[in-house]
Amino acid sequence: MYFEFTTFHLVVTLILIGALMAVIQGTCAYLILAERKISAWAQDRVGPNRVGFDFGFNFFPFTLLRGMGGLGQPIADGLKFLLKEQVIPKNVDKIFYLMAPCIAVSTALLALAVIPFGPTKAAPVLLDYRTEEMLAEVAKRTRPMTPEEQERFIAENNEYQETPRGAAWPATETEKVYLLAADAAHARANGTEPFRERIKLYNSEKLDRVQFVIAPHVDIGVVFVLAIGSLAVYAIVLGGWSSNNKYSFLGSLRASAQMISYEIPMGMSLLGVFLITGSLNVERLIDYQVEQGWNVLFQPLACLLFIVSLFAECNRVPFDLPEAEQELVGGFHTEYSGMKFALFFLGEYTHMIATSFLVVALFFGGWHLPFVGELPGVAGIVVKLLVFAVKMALFIIFYMYIRWTIPRFRFDQLMGLAWKVMMPLALISLLIVLFVQHFRPLGEYDRWLMTGVSLLSLWLAAVVSLRMPKPPTRAPITYVGHPIHGVRRLSVN
Amino acid sequence: MPIPESDVKWVKTPTIGWVEQMYIPAIVEGLRTTVRHSIATLFGSGARTQEFPEVEPKLPANYRGVHRLNRDEKGRVKCVACYMCSTACPAHCIDIVAAPAPKEWQSDPVHGYPREKYPETFVIDELRCIYCGMCEQACPVDAIELTTLYDLTGLSREDMIFDKEKLLAVFDETTKPDAKYPNPIRTRSGKLGPASELPPDQGLTFSSTAQS
Numbered sequence: 001m002y003f004e005f006t007t008f009h010l011v012v013t014l015i016l017i018g019a020l021m022a023v024i025q026g027t028c029a030y031l032i033l034a035e036r037k038i039s040a041w042a043q044d045r046v047g048p049n050r051v052g053f054d055f056g057f058n059f060f061p062f063t064l065l066r067g068m069g070g071l072g073q074p075i076a077d078g079l080k081f082l083l084k085e086q087v088i089p090k091n092v093d094k095i096f097y098l099m100a101p102c103i104a105v106s107t108a109l110l111a112l113a114v115i116p117f118g119p120t121k122a123a124p125v126l127l128d129y130r131t132e133e134m135l136a137e138v139a140k141r142t143r144p145m146t147p148e149e150q151e152r153f154i155a156e157n158n159e160y161q162e163t164p165r166g167a168a169w170p171a172t173e174t175e176k177v178y179l180l181a182a183d184a185a186h187a188r189a190n191g192t193e194p195f196r197e198r199i200k201l202y203n204s205e206k207l208d209r210v211q212f213v214i215a216p217h218v219d220i221g222v223v224f225v226l227a228i229g230s231l232a233v234y235a236i237v238l239g240g241w242s243s244n245n246k247y248s249f250l251g252s253l254r255a256s257a258q259m260i261s262y263e264i265p266m267g268m269s270l271l272g273v274f275l276i277t278g279s280l281n282v283e284r285l286i287d288y289q290v291e292q293g294w295n296v297l298f299q300p301l302a303c304l305l306f307i308v309s310l311f312a313e314c315n316r317v318p319f320d321l322p323e324a325e326q327e328l329v330g331g332f333h334t335e336y337s338g339m340k341f342a343l344f345f346l347g348e349y350t351h352m353i354a355t356s357f358l359v360v361a362l363f364f365g366g367w368h369l370p371f372v373g374e375l376p377g378v379a380g381i382v383v384k385l386l387v388f389a390v391k392m393a394l395f396i397i398f399y400m401y402i403r404w405t406i407p408r409f410r411f412d413q414l415m416g417l418a419w420k421v422m423m424p425l426a427l428i429s430l431l432i433v434l435f436v437q438h439f440r441p442l443g444e445y446d447r448w449l450m451t452g453v454s455l456l457s458l459w460l461a462a463v464v465s466l467r468m469p470k471p472p473t474r475a476p477i478t479y480v481g482h483p484i485h486g487v488r489r490l491s492v493n
Numbered sequence: 001m002p003i004p005e006s007d008v009k010w011v012k013t014p015t016i017g018w019v020e021q022m023y024i025p026a027i028v029e030g031l032r033t034t035v036r037h038s039i040a041t042l043f044g045s046g047a048r049t050q051e052f053p054e055v056e057p058k059l060p061a062n063y064r065g066v067h068r069l070n071r072d073e074k075g076r077v078k079c080v081a082c083y084m085c086s087t088a089c090p091a092h093c094i095d096i097v098a099a100p101a102p103k104e105w106q107s108d109p110v111h112g113y114p115r116e117k118y119p120e121t122f123v124i125d126e127l128r129c130i131y132c133g134m135c136e137q138a139c140p141v142d143a144i145e146l147t148t149l150y151d152l153t154g155l156s157r158e159d160m161i162f163d164k165e166k167l168l169a170v171f172d173e174t175t176k177p178d179a180k181y182p183n184p185i186r187t188r189s190g191k192l193g194p195a196s197e198l199p200p201d202q203g204l205t206f207s208s209t210a211q212s
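In the order they appear, the protein sequences are chains A and B. Residue numbering for the first sequence follows the working numbering, beginning at 1 and increasing consecutively. Residue numbering for the second sequence follows the working numbering, beginning at 1 and increasing consecutively.
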């Protein structure tokens with residue numbers, strides 16, 4: 001291990017797990033209240049405003065807690081869910097029926113393991129992909145060392161025999177040796193710290209190493225989130241199938257098709273970000289944005305595609321076809337009641353939280369607050385936590401407002417959007433990044449070039465799709481409206 | 001009959017340009033609407049919701065709520081036990097047992113005619129009632145009326161079976177000078193309705209019979 005892993009860090013991790021679990025449960029409960037409140041406001045209603053913390057009890061200690069209209073609602077709801085009869089319909093497949101809500105919650109919670117929710121600091125890596133000179137240095141030194149040279153070098157750098165994490169590139173022993181050598185040479189030439197010094201410094205600063213992630217330094221970070229997140233579809237498929245109900249089954253069928261389709265543009269829209277940063281590690285992705293500017297500025301198209309895919313991933317309106325109260329009577333969770341239903345809800349809202357953390361971390365700079373310097377010590381940590389939380393909250397509010405803004409898609413429209421629009425656009429966005437990274441036509445302004453070209457390609461997509469041949473429609477009908485009678489005169493041309 | 005050309009409004013499908021094809025302006029426009037409504041609800045005109053127990057709803061005066069049995073000027077039940085209401089009732093929730101009216105009622109005509117019968121019991125099952133108001137329309141003497149009393153609750157089914165005393169109590173409650181429920185406007189509130197008024201040509205005969 002090239003990180004020291006002390007008891008201190010173990011304790012910190014355990015505390016983080018406990019705190020995150022507790023906070024997520026509470027947040028989910030209150031998100032449901034927020035959802036209901038926002039729904040109400042958008043529809044000129046008041047929303048739940050009756051339950052304070054007195055819960056209707058009329059004797060002394062409770063009277064003090066009265067008058068916090070609505071804030072006690074989530075607790076009352078939770079109690080109600082807990083105390084409800086646990087109905088298991090007669091003809092369900094019991095094992096899968098009970099398993100589905102557990103999968104829904106556990107996958108959603110698991111995805112949170114690598115998502116930062118507060119200040120993080122990426123561990124130093126052996127090779128900084130972004131430094132031009134270093135790449136040149138490596139290229140210069142990529143000639144075989146003599147065996148003696150190699151032996152001596154390995155002896156010198158004995159403590160780093162394991163492949164340093166964070167550096168995905170050095171695949172072979174020799175390559176690693178050259179990288180270490182290049183790093184040392186680079187440090188000597190520029191008067192900076194070499195890798196081993198940076199690691200020592202990193203290990204020495206305990207507070208700096210408190211990462212607000214349950215599992216820091218996971219190099220496959222985002223891939224892990226995507227993989228676990230897409231497991232959530234199992235919950236829906238199993239729940240719908242085991243319920244032995246046609247509506248539920250239809251819901252889960254829709255969910256499986258939708259989730260698989262939207263995984264693709266989701267992953268592809270992220271590829272550009274990975275290419276630019278050179279890492280999948282979420283802490284590094286945030287660090288990069290802190291240094292270079294938020295990704296949303298330079299890859300607006302990818303950000304848009306990612307957000308749209310997230311809506312589909314979370315089964316939120318306008319992509320809530322698996323639930324579709326009006327058509328499918330709740331879809332996959334029609335047969336669920338009580339705590340099992342609540343678990344589905346918990347999973348859904350945890351998924352929402354996880355995805356909004358992800359979009360904030362990948363495109364909106366994570367804990368970074370622009371134009372404001374960093375505060376030292378604990379104050380800085382608190383500020384960063386708050387910034388992250390506020391960004392996440394804003395994004396969730398955006399989620400909720402979209403719900404009352406856009407009506408639900410028809411299933412063919414949903415599929416058309418994924419395969420005919422978003423996938424080509426994601427490819428284009430990836431190509432733009434590839435092109436700019438490779439040819440660097442404008443030098444310093446490359447990133448802004450990417451912004452321009454992404455927006456241009458969005459416009460082009462709209463123009464091109466207008467020119468596309470339209471699918472055949474019904475026989476053309478001329479509508480003749482009468483202001484009073486509403487007469488429709490049909491004339492088939 | 002052909003529709004005159006001036007009345008015809010031709011509707012064309014709007015053409016979609018690249019702005020619409022991008023969807024984003026439409027989404028922004030939609031978000032503007034939802035957010036505008038939220039802001040108006042929170043800070044502006046407020047919600048349309050009436051918060052019931054604290055705020056009394058303003059019901060229209062022809063709201064059909066709980067029944068009442070009207071009293072005449074002497075405080076007697078006005079009903080003449082003609083069974084018109086229970087016959088008209090589509091829900092069969094009115095049960096009347098008629099009895100000969102007391103002697104003094106027969107000799108002391110109400111509204112110009114003698115009363116031979118009066119209801120010994122008059123029971124309405126308020127849970128079965130569909131509040132259609134047909135009893136009220138059928139009543140020839142405007143004895144039964146639907147008030148605007150809407151917040152009716154009971155702890156048992158038996159509570160909600162209203163007998164004559166209860167129905168008269170509703171009359172007393174709703175005709176108090178400071179009653180919070182407005183008098184119903186469909187009938188003429190205690191005065192004789194059109195059905196019970198004497199036809200102009202026969203009026204003389206009837207009233208003469210009554211007085212004789």
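Just so it is clear, CB atoms sit at the ideal spot from N, CA and C, and this is done for glycine as well.
query                                                                                                                                                                     : result
With a cut-off of 8 Å, does the C-beta of Leu-155(B) fall near any C-beta of chain A?                                                                                     : no
Can you give the Cα-Cα distance for Ile-103(A) and Glu-197(A), rounded to whole angstroms?                                                                                : 44 Å
Would you identify the three-state DSSP class for Tyr-234(A), choosing helix, strand or coil?                                                                             : helix
For Pro-265(A), which option in Gln-292(A), Ala-257(A), Phe-306(A) has the closest C-alpha, if you only look at C-alpha atoms?                                            : Phe-306(A)
Compare the Cα-Cα distances from Val-332(A) to each of Phe-224(A), Leu-238(A), Phe-357(A), Leu-79(A) and report the closest residue.                                      : First, the amino acid is wrong: residue 332(A) is Phe here, not Val. Residue Leu-238(A) is the option with its Cα nearest to Phe-332(A).
Mind reading off the beta-carbon distance from Arg-408(A) to Pro-322(A)? Whole number of angstroms is fine, and I expect it under 8 Å.                                    : That pair is no contact at about 11 Å.
Output the distance between the C-alpha atoms of Thr-107(A) and Ala-232(A), rounded to the nearest integer angstrom.                                                      : 6 Å
Just the C-alpha distance for Leu-369(A) and Asp-287(A), rounded to the nearest angstrom, thanks.                                                                         : 12 Å
Can you pull the DSSP bridge partners for Lys-117(B)?                                                                                                                     : Pro-100(B)
Alpha carbon to alpha carbon, how far is Glu-173(B) from Gly-69(A)?                                                                                                       : 34 Å
Scan the segment 310–341 of chain A and note each continuous beta strand (DSSP E) run of 3 residues or more that stays entirely inside, going in chain order.             : none
If we cut at 8 Å on Cβ distances, does Gln-21(B) have a partner in chain A?                                                                                               : yes
Let me see if you follow: with CB-CB separation under 8 Å, is Ala-462(A) close to chain B or not?                                                                         : yes
Please classify Ile-39(B): is it buried, with 16 or more other beta-carbons within 10 angstroms of its beta-carbon, or exposed?                                           : exposed
Answer yes or no: does any C-beta atom of chain B fall closer than 8 Å to that of Leu-466(A)?                                                                             : yes
Where Val-92(A) and Arg-128(B) are concerned, what is the direct C-alpha to C-alpha distance, given to the nearest angstrom?                                              : 39 Å
Does any CB atom of chain A fall closer than 8 Å to the CB of Gly-30(B)?                                                                                                  : yes
Measuring only the C-alpha atoms, how far is Gln-161(A) from Ala-184(A)?                                                                                                  : Model confidence at Gln-161(A) stands at a pLDDT of 44, short of 50, so the residue's coordinates are unreliable; what they give is reported in the following sentence. Near 16 Å, if we compare the C-alpha coordinates of Ala-184(A) and Gln-161(A).
Could you work out which residue in Thr-87(B), Tyr-63(B), Ile-144(B), Gln-137(B) is closest to Asp-151(B) when comparing CA atoms only?                                   : Tyr-63(B)
Should the segment 329–347 of chain A be regarded as contacting the segment 442–452 of chain A, the criterion being three or more beta carbon pairs within less than 8 Å? : no
Chain B partners of Arg-45(A), CB-CB under 9 Å?                                                                                                                           : Thr-41, Ala-47, Arg-48, Thr-49
Please confirm if Ser-6(B) has its CB atom under 8 Å from at least one CB of chain A.                                                                                     : no
Under the assumption that Val-290(A) contacts Gly-221(A) (Cβ atoms under 8 Å), give the Cβ distance between them as a whole number of angstroms.                          : Incorrect: roughly 16 Å between the Cβ atoms, too far for contact.
Report the rounded CA-to-CA distance for Pro-194(A) versus His-217(A), giving the unit in angstroms.                                                                      : 20 Å
Any residues in the segment 395–408 of chain A with a beta carbon nearer than 7 Å to a beta carbon of chain B? Which ones, in chain order?                                : Tyr-401, Trp-404, Thr-405, Ile-406
With 8 Å as the threshold, decide whether the Cβ of Val-35(B) is near any Cβ in chain A.                                                                                  : yes
Let me confirm a value: Asp-412(A) is counted as buried when at least 16 other C-beta atoms fall within 10 Å, else exposed. Which label applies?                          : exposed
Count the other CB atoms within 10 Å of the CB of Leu-56(B); is the residue buried (16 or more) or exposed (fewer)?                                                       : Before going further, note that residue 56(B) is Glu rather than Leu in the sequence given. Exposed, because fewer than 16 other Cβ atoms sit within 10 Å of the Cβ of Glu-56(B).
Establish whether the CB of Leu-458(A) and some CB of chain B are separated by less than 8 Å.                                                                             : yes
Can you tell me whether Gly-44(B) is buried or exposed, with buried defined as 16 or more other CB within 10 angstroms of its CB?                                         : exposed
Helix, strand or coil: which one does DSSP assign to Phe-117(A)?                                                                                                          : coil
Say whether chain B places a C-beta atom closer than 8 Å to the C-beta of Ile-38(A).                                                                                      : yes
Got a sec: which bits of the segment 14–43 of chain A sit with their beta carbon under 9 Å from any beta carbon on chain B, in order along the chain?                     : Ile-38, Ala-40, Trp-41, Ala-42, Gln-43
In the DSSP assignment, find the unbroken alpha helix (DSSP H) run with His-438(A) in it and report its ends.                                                             : 423–439
Report the option in Phe-57(A), Ile-228(A), Tyr-401(A) whose CA atom is closest to the CA atom of Leu-31(B).                                                              : Tyr-401(A)
Using the Cβ count rule (16 or more neighbours within 10 Å means buried), how would you classify Met-259(A)?                                                              : buried
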